[in-house]
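Under our numbering, read the sequence shown as residues 11 to 692, first letter to last.
For reference, the structure is listed below as structure tokens.
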Amino acid sequence: MFALFDDAGKFLAGRVMSEAESSMQIELDSGKRVKVKSANVLLKFDKPSPAELMAEGLRLAQEIDLDLAWEFAPEQEFGFAELARDYFDAQCGVTHQAAALFRLFEAPHYFRRAGKGQFKKAPEDIVKAALLGIERKRQQALQIEAWADELAAGRCPAPIQDQIYKVLFKPDKNGPEYKAVVEATKRAHKAPLDLLKDAGAISSAYQFHWKRFLFENFPKGVGFPALQAPAIKDELPLAAVQAFSIDDSATTEIDDALSVQGLGSGTVVFGVHIAAPGLAIAPDSPVDKVARERLSTVYMPGWKITMLPDEVVQAYTLIEGRDCPAVSLYVTMDEATLEIKGSETRLERVPIAANLRHDKLDGIITEASLSGEAPSGYAFAPELAFAFRLARHLKAQREVVRGKPETFNRPDYNFRLDNSGEPSGSEPVSIVTRQRGTALDLIVAEAMILANSTWGGWLNELGLPGIYRSQASLAPGIKVRMGTKALPHAGMGVAQYTWATSPLRRYVDMVNQWQIIACARHGRTAALAAPFKPKDAQLFSIISGFDAAYSAYNGFQSAIERYWTLRYLAQQGITELTASVMKEGLVRADELPLVFKALGCDSLPRGTHVRVRITGCDEMTLDVHASLIERLDADVPVAEASADEGEDDEGSTVSGPLTLAIDLNDSDTVANPEAPTPTTSP
Numbered sequence: 011m012f013a014l015f016d017d018a019g020k021f022l023a024g025r026v027m028s029e030a031e032s033s034m035q036i037e038l039d040s041g042k043r044v045k046v047k048s049a050n051v052l053l054k055f056d057k058p059s060p061a062e063l064m065a066e067g068l069r070l071a072q073e074i075d076l077d078l079a080w081e082f083a084p085e086q087e088f089g090f091a092e093l094a095r096d097y098f099d100a101q102c103g104v105t106h107q108a109a110a111l112f113r114l115f116e117a118p119h120y121f122r123r124a125g126k127g128q129f130k131k132a133p134e135d136i137v138k139a140a141l142l143g144i145e146r147k148r149q150q151a152l153q154i155e156a157w158a159d160e161l162a163a164g165r166c167p168a169p170i171q172d173q174i175y176k177v178l179f180k181p182d183k184n185g186p187e188y189k190a191v192v193e194a195t196k197r198a199h200k201a202p203l204d205l206l207k208d209a210g211a212i213s214s215a216y217q218f219h220w221k222r223f224l225f226e227n228f229p230k231g232v233g234f235p236a237l238q239a240p241a242i243k244d245e246l247p248l249a250a251v252q253a254f255s256i257d258d259s260a261t262t263e264i265d266d267a268l269s270v271q272g273l274g275s276g277t278v279v280f281g282v283h284i285a286a287p288g289l290a291i292a293p294d295s296p297v298d299k300v301a302r303e304r305l306s307t308v309y310m311p312g313w314k315i316t317m318l319p320d321e322v323v324q325a326y327t328l329i330e331g332r333d334c335p336a337v338s339l340y341v342t343m344d345e346a347t348l349e350i351k352g353s354e355t356r357l358e359r360v361p362i363a364a365n366l367r368h369d370k371l372d373g374i375i376t377e378a379s380l381s382g383e384a385p386s387g388y389a390f391a392p393e394l395a396f397a398f399r400l401a402r403h404l405k406a407q408r409e410v411v412r413g414k415p416e417t418f419n420r421p422d423y424n425f426r427l428d429n430s431g432e433p434s435g436s437e438p439v440s441i442v443t444r445q446r447g448t449a450l451d452l453i454v455a456e457a458m459i460l461a462n463s464t465w466g467g468w469l470n471e472l473g474l475p476g477i478y479r480s481q482a483s484l485a486p487g488i489k490v491r492m493g494t495k496a497l498p499h500a501g502m503g504v505a506q507y508t509w510a511t512s513p514l515r516r517y518v519d520m521v522n523q524w525q526i527i528a529c530a531r532h533g534r535t536a537a538l539a540a541p542f543k544p545k546d547a548q549l550f551s552i553i554s555g556f557d558a559a560y561s562a563y564n565g566f567q568s569a570i571e572r573y574w575t576l577r578y579l580a581q582q583g584i585t586e587l588t589a590s591v592m593k594e595g596l597v598r599a600d601e602l603p604l605v606f607k608a609l610g611c612d613s614l615p616r617g618t619h620v621r622v623r624i625t626g627c628d629e630m631t632l633d634v635h636a637s638l639i640e641r642l643d644a645d646v647p648v649a650e651a652s653a654d655e656g657e658d659d660e661g662s663t664v665s666g667p668l669t670l671a672i673d674l675n676d677s678d679t680v681a682n683p684e685a686p687t688p689t690t691s692p
């Protein structure tokens, strides 16, 4: 005797070897013996053989018209044998019964399973809806097939073109566009990016990087809603200073300015004046919601996406010739020893006498001129000379706490594009070297560190939370972290450090400014009036969001600067570079912001000076292919290989692999935390 049984939704048949009350021992054609519950046995038969029953039953099942079977089926529950007798004939044998079972089982949209061999026909509306769904799937499968054919042939269908970045980076893996790309890559034996490039879906490497960034970070676009800059309602006193700012010529968000009073009197008051949008913009106001969504200005060569609309920025920026609302820190010190005697924070209007531009003055205002070793026929010469002396003094103090000096042996690079609007990616580009730690850089850096550290300590003293940056030590792997507690920053060499000096460009700075304003207005009772209280969950949410956004923005800036560096190589026809070996075959170009792997450099000690040949660049993946030509120096001992040993390679533009969502297996700058970014932006 033979039996047909259900094995977890799969039908099998074999010879019955033994039978008990609730189970059977059945031998399959393969010789394997299985124990089957009697409840799972659907048919017992003497002939034909199990193999013949299965083969003939499956063949006959495909001949059963489901619409006709559904019409024949009774309204109440029924067994498969009953349907077989109604559909075929009253005397139908086990083969036809098995055929009915197989057909019913594979058509759940017509017949619902109701137990052992039992079924119930689905309502008519359910059947119609299911058939429509099946037809849609069939049509979609045909569409996927057609799109895959087009892609493999080197043409990109419009629906895939319209969703190219979604398909590559945030795909709906059940979507037809994604499935078509996957299928086409298998047929063409190409990586997804190569396939889409060859099909014309990606014609511009620059637009690829730019649109990908917008897709991931600004899916609603970069435009602002209609907003007006709120007016500052406070009656602010006019400060008795003539302040000056130091920025790049392209900077429009002028956050900070400096002043010096009392030179020659023995007691000097050094002023740090910060633009005060926090006096007008309230938490949860329309302008605040925009700033909180963006969290920071995004910089790139020749362009930027500001955190705030330009009309809002211009209402609060510290532009020359205007009395600008500011949060001012006045630090009183001994003119001779530079010993700090006290500090005071004021909310006031500050006369901005000048916006100095360091890119025009770096060659004029030098260490020699500020130290009296060269002529100093420029505006604010005495004030700048004092500020430079103070900056060196503050830096030396921090280095004592830090435990080692700060060294800046790598330059910054400014990118300048010949463009008047949003770049297209083909503009001529120039890359200008600017040494880190210049005199003007040092003045601004130390002034901002002084302000951020002082205000961070003041917030903590008055019991208000703020957003701090801290670093437990300078040991390798100990990173800078953001939190709400005033903890030491080993990299800076200060007891605590906030970001509060760029409220037009960074959202955390505006949050901290609100807290500082509360302290300036209310003193010891500031905790009652401050917008953020201790352990406020909103602060942690802001920190989390800012960390993610700031990392994404910096990553994009690094990538797009690398793109322009590769464009520069092509435009200048540069095929050879001198460089220094870093590690594992990586080299850093001497005169360009470029880190890449060079064949032949893997075994060379760190710091070895080499000449390499550029053999190819891929502006889409940002890869550089290069090989060693020659060594330019003698052997360099590993222990003395580089002044950068142990330092963070922050700012280097190392290209990682381009990460796609399709996996087919075929393929805190200590130098100047407030200085303009290396990218020159409008």
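Quick reminder that beta carbons are idealized off the backbone N, C-alpha and C, glycines included.
This structure is a prediction, so every number in the text was calculated from the model and none was measured.
Outcome for residue i when other beta-carbon atoms lying within 10 angstroms are tallied against a minimum of 16
i    : result
Y388 : exposed
I624 : buried
E571 : buried
V341 : buried
H499 : buried
S379 : buried
I154 : buried
N462 : buried
E684 : With a pLDDT of 39 at E684, under the threshold of 50, the modelled position of this residue cannot be trusted; read the value that follows with caution. Burial call: buried.
G24  : buried
S28  : exposed
A156 : exposed
M11  : exposed
S512 : buried
T327 : buried
P60  : buried
9 Å Cβ cutoff met for residue i and residue j
i    : j    : result
G413 : L484 : yes
F254 : N365 : yes
L22  : K54  : no
Q506 : Y478 : yes
E393 : L248 : no
V634 : C627 : yes
E73  : A108 : no
L514 : E263 : yes
Y517 : S306 : yes
Inter-residue CB distance, residue i and residue j (contact presumed, cutoff 8 Å)
i    : j    : result
K130 : A124 : 5 Å
D369 : S259 : 5 Å
I284 : D298 : No, I284 and D298 are not in contact; Cβ-Cβ is about 18 Å, not under 8 Å.
V177 : E193 : Contact doesn't hold; Cβ gap of about 12 Å is too wide.
P335 : L268 : With 8 Å as the limit, P335 and L268 do not qualify as a contact, their Cβ atoms being about 17 Å apart.
N227 : A562 : 6 Å
G435 : Q217 : 6 Å
Reduced DSSP secondary structure (H/G/I, E/B, other) of residue i
i    : result
S665 : Low confidence applies here, because S665 scores a pLDDT of 44, under 50, leaving its location unreliable and the question unanswered by this model.
W524 : helix
T342 : strand
W313 : strand
F98  : coil
V597 : strand
C529 : helix
P186 : helix
V360 : strand
A30  : coil
S306 : strand
A457 : helix
Q150 : helix
T687 : Unreliable positioning characterises T687 in this predicted model, as indicated by a pLDDT of 46, which lies under 50. A coordinate reading is not provided.
Cross-strand partners of residue i (DSSP beta bridge)
i    : result
Y423 : T443
T355 : L339
H283 : A267, S338
Q481 : H499
A608 : A636
T347 : BP columns for T347 are empty, so no partner.
H619 : S590
C627 : V634
F121 : K131
Chain B contact for residue i (CB, 9 Å cutoff)
i    : result
Q581 : Protein chain content of the structure displayed is limited to a single chain, and chain B is not contained in it.
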